[in-house]
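Chains as they are written, first to last, in the numbering used here: chain H, 18 to 285; chain A, 152 to 371.
Positions of the beta carbon are idealized from the N, C-alpha and C atoms, including for glycine.
All values reported here derive from a predicted model rather than from experimental measurement.
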């Protein structure tokens, strides 16, 4: 599929990324290319660098070395020779094309549901209120929140908050979505609603990188699963290969630990 | 000696005028102080400048470590020496502003600390930065969680305006002094001023809690 279409596979190019936090190395020369329309799931034990890798993709966490390009356009590089204002300008423009969804939702509590989705459209995408509201309603109905548009985020369940966060991103017409453990903070009964939304996005060929522990979900939406450990990519490939016949001992151990005996490739 | 209520009543119209001046002084001082404190807070946080942050810390400890009355006198007497001939009202408002800003900076620091890091990250990841990041996302949340201490600071400031009587600002306290130095009934007149101060502060704090509960209802 998308992976073997040569030039297309360089939609997002992450090259030679190194990141060290005080005392700990999170990324050790990691490179990852993602094709347009591809869904990549990052898995691995906690502290393996998967969240850091995701957060370097929009330079929310600047890497110490390496660079990230989206569609050939520089997102971030270190050392960066551009002037600070040029960096900031370029970064804002390219960030508007990359939507990020967080584990803790990070919806804005001082704005109601509709305004959460309207605000970035007006401020960043410079849309008129009319246009932004129209787009917001479309995005909200895509995540099943159209009847909650006048609610305040504090009154939403965790799953609804996360779907609101997804709608806020969708309304910006992103070319790429980064999802950092989008269901980890949710009560079990709320997980499926969020996963269903993500699955629909995958079917619509949204390019996504998802950090997840939901291997059943990963196997059903991912074109490719990437296993990281100790700041390295250990193994990557299609879900059935990765999850059913891991090539490395480390991945095997990781999967064993997760005890996925009941793992089913197309489970819903 | 008996308390003759007629003197309080007689003084009432002028006490009301004085109250209006007091309210005006407090509102102006507080408005300037909040604007100044907000600018300092944003500059200090956004620039991450060590020098600025040390300068602010020094300023705050000077303001907190000296009597407001001395600060008022200093502003009133020092500024003309350096060639700034502002009247007592402007000097008074300036002194109140400079004093209150130190406390508001501390209040906003607390409010800012209560805004989760993820709120900044969500805004940045959507392409908001600089002005938009602060005005649309961070400051509204900072102020929302700072309402109770800000209201408290405003009532402190309102009461502190009485000190401006010492630099000839004709506010509620000075008006009272003028009246009782004519009729020699300080107790009746000061009781009137006492009630006026109390009513203003009470109205402010009641109004604030009403606003807050309205806000809660709206968001519930």
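Using a Cβ-Cβ cut-off of 7 Å (strictly less than) and excluding sequence neighbours within five positions of residue i, which residues of its own chain qualify?
i                      : result
residue 165 of chain A : 326 and 330
residue 156 of chain H : 134, 184, 187 and 188
residue 207 of chain A : 191, 195 and 256
residue 221 of chain H : none
residue 259 of chain A : 188, 189, 192, 293 and 297
residue 33 of chain H  : 46, 48, 82 and 83
residue 253 of chain A : 210, 211, 214 and 215
residue 279 of chain A : 287 and 288
Just to make sure I have the definition right: I need the residues of chain H whose C-beta is within less than 9 Å of the C-beta of residue i. Which are they?
i                      : result
residue 272 of chain A : 72, 77, 117, 119 and 123
Quick one: what's got a C-beta closer than 8 Å to residue i's C-beta in the same chain, skipping five residues either side?
i                      : result
residue 222 of chain A : 214, 246, 249 and 250
residue 145 of chain H : 139
residue 166 of chain H : 129, 130, 131, 153, 154 and 157
residue 150 of chain H : 131 and 135
residue 275 of chain H : 230 and 232
residue 310 of chain A : 348 and 352
Can you tell me whether residue i is buried or exposed? The criterion is at least 16 other CB atoms within 10 Å of its CB, across all chains shown.
i                      : result
residue 75 of chain H  : buried
residue 256 of chain A : buried
residue 119 of chain H : buried
residue 57 of chain H  : buried
residue 314 of chain A : buried
residue 228 of chain A : exposed
residue 157 of chain A : exposed
residue 348 of chain A : buried
residue 320 of chain A : buried
residue 318 of chain A : buried
residue 287 of chain H : Examination of residue 287 of chain H is not possible in this model, given that chain H is present from 18 through 285 alone.
residue 262 of chain A : buried
residue 101 of chain H : exposed
residue 201 of chain A : exposed
residue 333 of chain A : exposed
residue 374 of chain A : The structure shown has nothing for residue 374 of chain A, since chain A only spans 152 to 371.
residue 240 of chain H : buried
residue 73 of chain H  : buried
residue 191 of chain H : buried
residue 61 of chain H  : buried
residue 301 of chain A : buried
residue 231 of chain A : exposed
residue 147 of chain H : exposed
residue 238 of chain A : exposed
residue 367 of chain A : exposed
residue 361 of chain A : exposed
residue 159 of chain A : buried
residue 388 of chain A : Because chain A in this structure spans residues 152 to 371, residue 388 of chain A falls outside the shown range and cannot be described.
For residue i, which residues from the same chain have a beta carbon less than 6 Å from its beta carbon, with the 5 sequence-adjacent residues on both sides left out?
i                      : result
residue 172 of chain A : 322
residue 238 of chain H : 56, 216 and 219
residue 203 of chain H : 175 and 176
residue 125 of chain H : 133
residue 43 of chain H  : 36, 66, 69 and 248
residue 160 of chain H : 180, 183, 184 and 214
residue 94 of chain H  : 84
Which chain H residues sit within Cβ distance under 8 Å of residue i?
i                      : result
residue 193 of chain A : Result: empty, since nearest Cβ-Cβ is about 16 Å, beyond 8 Å.
residue 292 of chain A : 125, 126 and 127
Do we get a CB-CB distance below 8 Å when we pair residue i with the residues of chain H?
i                      : result
residue 185 of chain A : no
residue 199 of chain A : no
residue 130 of chain A : Here chain A covers residues 152 to 371 and nothing more, so residue 130 of chain A does not appear.
residue 261 of chain A : no
residue 269 of chain A : yes
residue 295 of chain A : yes
residue 365 of chain A : no
Can you list the residues of chain A that residue i reaches, using a CB-CB cut of under 8 Å?
i                      : result
residue 112 of chain H : 275, 276, 277 and 278
For residue i, would you say it is in contact with chain A, using Cβ-to-Cβ distances shorter than 8 Å as the test?
i                      : result
residue 109 of chain H : yes
residue 105 of chain H : yes
residue 165 of chain H : no
For a contact defined as C-beta to C-beta under 7 Å, what are the partners of residue i on chain H?
i                      : result
residue 283 of chain A : 140
Using the beta-carbon of each residue, which ones in chain A are nearer than 7 Å to residue i?
i                      : result
residue 199 of chain H : By Cβ distance, chain A contributes nothing, its closest Cβ being about 13 Å from residue 199 of chain H, past 7 Å.
residue 189 of chain H : 277
residue 136 of chain H : 287
So, does the CB of residue i fall closer than 8 Å to a CB anywhere in chain B?
i                      : result
residue 207 of chain H : Note that chain B does not occur in the displayed structure, where the protein chains are H and A.
Next item on the list: Let me know the alpha helix (DSSP H) ranges lying completely inside the stretch 206-269 of chain H, each 4 residues or longer, listed in chain order.
Entry: 232-238 and 256-261
Next item on the list: Let me know the alpha helix (DSSP H) ranges lying completely inside the stretch 78-144 of chain H, each 4 residues or longer, listed in chain order.
Entry: 101-112 and 130-140
Item checked: Those runs of the alpha helix (DSSP H) which lie wholly inside the stretch 229-281 of chain A and span at least 4 residues -> 239-264 and 268-276
Notebook entry, point to check: Could you give the uninterrupted runs of the beta strand (DSSP E) lying entirely in the stretch 34-72 of chain H, keeping only those of 3 residues or more?
Noted result: 41-51 and 56-60
Next item on the list: Tell me the start and end of each unbroken alpha helix (DSSP H) in the stretch 280-326 of chain A that is at least 4 residues and wholly inside, in chain order.
Entry: 290-311
Item checked: Residue ranges of each alpha helix (DSSP H) within the stretch 190-222 of chain A, 4 or longer -> 201-215
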